Each structure stands twice: as structure tokens, then as C-alpha cells.
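In our numbering, the protein residues as written are 155 to 427.
So the structure is just underneath, and the comments pick up after that.
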């Protein structure tokens, strides 16, 4: 029996694993763990990114809330997300063109090899993959995307450049006039300050900023937040989008979960006031 231990500043997780593989990358340490409880687990620089057991919760919540909010999303940019889970969910919609910008090619190669159920859509004809730093790539784009999603590993430390004010300015410029922006915004228990700070910055550029929540068992605290920002669309279901949601064959997200995910705990409400 082996044990994998994830540590950060305030929380950790200990998992029983049966084996592990390591892959070399110029950007980070990549590991694939095998566990009886969670199946295969992708780990970057010692931090769990996704597991076969619970990945669908995160990927569905990050993808479908913004996709359902936009009535005619066609051009979608995904920054990060080299495991392919977000791309898989976006490809459930017709007539989409997806650009995935991932700095580390090895993450994609490992995901295609080790996590085919998550990464298979990366091979789709409507998906373009660019190997570049997302914060650099987006500076070159103006009025280009209906939706921009950021699926980064750890915005508090590892991907800090993606969450500075200049990056949000670049996102605003890269979106079309009715564009939507969404990203994972950490645990409100462990990193409430990150949520409050990013909200303040976003409100300078987007009139609509909403937060929603989901349980992610293998992330620190197990309670996770996502942030939605838009120029004009509210994240709400109507008759048409309810029908679309029912057709998506999701494993976690349904109408009840969608509506409940925007219910905000009082301690978060007070912090965001």
C-alpha cells in the first residue's frame, strides 16, 4: 500500500494509491496515480487536478453554466484545461469552434494516453490546440470569442498571472460585445479573499458578476466556487435552455442543481458586500 499526500498552506489530502507514473515536463511535475477509490488521478506539481471518479462535477459546472447563458455561442476559448474535460463538455453543443490554449503540451499528451474518457474530444475537428501561455495569447485577440473559460490549476499561486487586473482587461477586449467569461475561483472556505478580490476587479469591467458553487470531493475543503461574468446575459434557465440541459447527458448538473448552485452561504454574502 502506498499513500499520496497533497499539501498546501492550510489543507491537505491523503489518498491510498496502488501505483504511480511520472512524466517529465519543462513546466511542471506530472504524475498519474492509480487508486481504488477514485480511479486514475492527474497530479500537477503535487496538486490534484482531476480524478476519474469525480471529474464530471467540475467540468460540467465550469462549462455548462456559461454555455447555457449565451444564446448563440459559437467561438469558445479555453485557457488551460489540458486534460480535455471542459472541451468534452463544450463539444456537446452543435456548431461550436473551440480553441484550447495550454502552455504544457505534455499535459495533453498524458491526458490523451491515460484519461481517454476525459480527453477524447481534444481530437475533434472543431477543436484547435495552441501551446502557449494563455496570458500572452489573449493579448493578441480582439472581439474574437463568445465565451472565454479559464481552467487553471491554482489561481492563488501557480497561475497567478491569469488573475491580475491586466488579464481581465485582455479578456474583456477578446470577448465579443455580448461575451461571457467564467473560471474556477477556489474554495470560499480556504480562499475567500481571492473570491472577494477578483469580484471587485471584475465589476470594473463587467456589469454582471455572479458566483456559484459545487462540491468537489478531491479539492481542498471539498467546497468549490466558480465565477461568471457577462456584458448582458444572466445565468438563468428558460424553457429553451431547460430542454438543452436535459439533452446534454450530464452526470451531475440538472435543473435543480443549476438553480441551487447560485444559493450563497451567509458568510460568503457578507464577505462580498
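Positions of the beta carbon are idealized from the N, C-alpha and C atoms, including for glycine.
These figures come from a predicted structure and were not determined experimentally.
Length of the line joining the Cα atoms of residue 166 and residue 298: The alpha-carbon of residue 166 is positioned some 40 Å away from that of residue 298.
So, with DSSP's three-state summary, where would you put residue 294? Assignment of residue 294 by DSSP, reduced to helix, strand and coil, places it in the helix class.
Could you tell me whether the Cβ atoms of residue 268 and residue 197 are closer together than 9 Å? Residue 268 places its beta carbon 9 Å or farther from that of residue 197.
Across which residues does DSSP place residue 156 in a beta bridge pair? Beta-bridge analysis with DSSP links residue 156 to 171.
Nearest-angstrom Cβ-Cβ length linking residue 399 and residue 412, presumed shorter than 8 Å: For residue 399 against residue 412, the beta-carbon gap comes to about 7 Å, under 8 Å, which counts as contact.
Assigned secondary structure, residue 251 (DSSP; H/G/I helix, E/B strand, else coil): Residue state, collapsed to three classes: strand.
Start-to-end residues for the beta strand (DSSP E) that takes in residue 211: Premise fails: residue 211 lies in the alpha helix (DSSP H), 209–223, not in any beta strand (DSSP E).
Would residue 233 and residue 221 qualify as a contact pair, given that the criterion is a beta-carbon distance under 9 Å? Contact: no.
Alpha carbon to alpha carbon, how far is residue 331 from residue 247? Straight across, the Cα-Cα distance linking residue 331 with residue 247 is about 21 Å.
Report the three-state DSSP secondary structure of residue 381 (helix, strand or coil). DSSP places residue 381 in strand when its eight states are reduced to three.
Would residue 305 pass as a contact of residue 334 if the rule is Cβ separation under 9 Å? One thing to note: residue 305 has its Cβ no nearer than 9 Å to the Cβ of residue 334.
Residue 191 classed as buried or exposed, judged by whether at least 16 other C-beta atoms fall within 10 angstroms: For residue 191, the number of other beta carbons within 10 angstroms of its own is below 16, and it is reported as exposed.
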